[in-house]
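Peer 1:
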Amino acid sequence: IAKQLLEKMPEIIKDDDNNKRTALHFASTLGFLHSVQMLLKYDTSTAYFQDKSGSVSIHLSAQFGRINIIKELLHCCPDLKDLVDRKHRNILHIAIEHQQLPVVRYILKEKKFMSLVNGRDKDGNTALHQATLNSNPYIANLLVRNKSIDVMAVNRKRLTALDIARSQSYQSTEDRKELVLATLLYFGSSHRRFSGRVSMEMLRCGVNQRLMSIEWYKDKANTLLVVATLVATVTFAAGFTLPGGYQSDGMPTFVRQQKFEEFLWWDTMAMVSSTVAVIVLVWD
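Okay, so the sequence shown: first residue is 10 according to this note's numbering, each after it adds one.
1) Quick check: what's the CA-CA separation for H68 versus G133?
2) Taking the continuous alpha helix (DSSP H) assigned at P87, which residues delimit it?
3) Within a Cβ cutoff of 6 Å, which residues of the same chain sit near N145, ignoring the five residues on either side of it in sequence?
4) Among P111, Y195, L233, I78, which has the Cα closest to the Cα of F35?
5) Tell me whether I158 sits in a helix, a strand or coil according to DSSP, three-state version.
6) What first and last residue would you give for the alpha helix (DSSP H) that runs through K23?
7) Is it right to say H102 is buried, meaning 16 or more other beta carbons lie within 10 angstroms of its own, or is it exposed?
8) Mind checking whether K131 and H97 have CB atoms under 8 Å apart?
9) Assuming A104 contacts A71 under a Cβ cut-off of 8 Å, what Cβ separation, rounded to an integer in Å, is found between them?
10) Would you mind working out which of G63, V126, K80 sits nearest L49, comparing C-alpha positions?
11) Buried or exposed, going by whether 16 or more other CB atoms sit within 10 Å of the CB of E106?
12) Relative to the alpha-carbon of R75, which residue among P111, C86, N99, P87 has its alpha-carbon at the smallest distance?
13) What is the rounded straight-line gap between the Cα of A149 and the Cα of A56?
14) So, using beta-carbon positions, are L234 and V287 closer together than 8 Å?
15) Would you give the residue range spanned by the alpha helix (DSSP H) that V126 belongs to?
16) Am I right that N155 and L117 are in contact with their C-beta atoms under 8 Å? What's the rounded C-beta distance?
17) Which word fits H84, buried or exposed, when buried means at least 16 other C-beta atoms lie within 10 angstroms of its C-beta?
18) Is S176 helix, strand or coil by DSSP?
19) Out of Q108, S66, Q109, point me to the one whose CA is closest to L89's CA.
20) Using 10 angstroms around the beta-carbon of Q139, count the other beta-carbons present and answer buried if the total reaches 16, otherwise exposed.
21) Roughly how many angstroms lie between the CA atoms of F58 and K23, to the nearest whole one?
22) For L312, I'd like the list of residues in its chain whose CB is within less than 7 Å of its CB, leaving aside the five on either flank, ordered along the chain.
23) Here's the rule I'm using: 16 or more other beta-carbon atoms within 10 Å means buried, otherwise exposed. How should D26 be labelled?
Okay, here's the thing in C-alpha cells:
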C-alpha cells in the first residue's frame, strides 16, 4: 500500500505530523526495515529531516534499539552518524540514555563511530558522563574499557564522570550507583592523573560501605529486639490469663482438653524463643 501511495503521490514522503515526524521517522522507530529501504530509495533527503526535538531518523533508531535500521540509514547516508539533536546529543548519548546496551556495543565496536565516543552534549557531558548519570554499570564498564574514552573529560560544571559517580554514591546506597563508582575507580585507575587518588578513594568507598552496613545491621537488630520483647511479654502474660478462666479448685477450666495442652505448648515455645532472642540481641 505504501509503495502504491508513493507512486501516485511521491510528495507525501515529506509530509509530517504535529511533531514534525515523517514516515521515515515512524518506520525507523518501529524497526520496519523494508519500509525504511523503500522510503530511502524514493528520497534520501528525508533521513536528514528533524522533528520538534531535533531528532532525525537515526536518533530514533538508537533510542529504540533498532540496529538494523541504523546500519541501513548509514549505508545510504554515512554522514548521519555525526548528526546531533537540539540537546547536541549524538546517537551514542541517546542509546545510553535509553539503556540500549546492544546499540552501545555496536557503536563502540565500529571504528567509524570513533568520533562519537568523546562527543559532548549541550551540558558538556560525554558518553561516560551520561552512563554515570543513568547509573548504568554495564554501559559504564563497556565505555571505560574502550581505549578511546577520555575518563578525565569534564563537563560544563567542571565535573568528571568520577565526580558525578562519587556524588551519587554518597547521596544514595543503591547498588547500581556503587557499581558505577567501583567501575570508574577500578578501570580508570590506569590514567596517570587519575591513579594518584584511586587507592585512597577506593579505601574510603569501602569504609563508607562498611559503616553503612554496620548501621543497617544495628537498625535491624534494634527492630528485632523490640519485636522479640513484645512477643515475650505477650506470651508471658498469656500464661496467667488462660482461656476459659479457672475452676473453683484453682485448676484451668480446659485443663483436660487437647487443644488447651497445644496452646500451652506453643505459648511456652514462643516465650522461650523470644526470651532467648532478647538475651542474644542485648548481649551482642
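Using N, Cα and C, we set each Cβ at its ideal position, and we do this for glycine too.
Peer 2: Quick look at the numbers:
1) 19 Å
2) Counting along the chain, P87 falls outside any alpha helix (DSSP H), and DSSP gives it neither H nor E.
3) none
4) I78
5) It is coil, neither helix nor strand.
6) Careful: K23 lies outside any alpha helix (DSSP H) and carries neither H nor E.
7) buried
8) yes
9) Confirmed, about 4 Å.
10) K80
11) Looking at its Cβ environment, which holds 16 or more other Cβ atoms inside 10 Å, E106 is buried.
12) P111
13) 30 Å
14) yes
15) Segment: none, V126 is in no alpha helix (DSSP H) and carries neither H nor E.
16) 5 Å
17) exposed
18) S176 falls in the helix class under three-state DSSP.
19) Checking every option, the nearest Cα to that of L89 belongs to S66.
20) Q139 should be labelled buried.
21) 9 Å
22) Past the edges of the chain, shown from 10 to 293, lies residue 312, and the structure says nothing about it.
23) exposed
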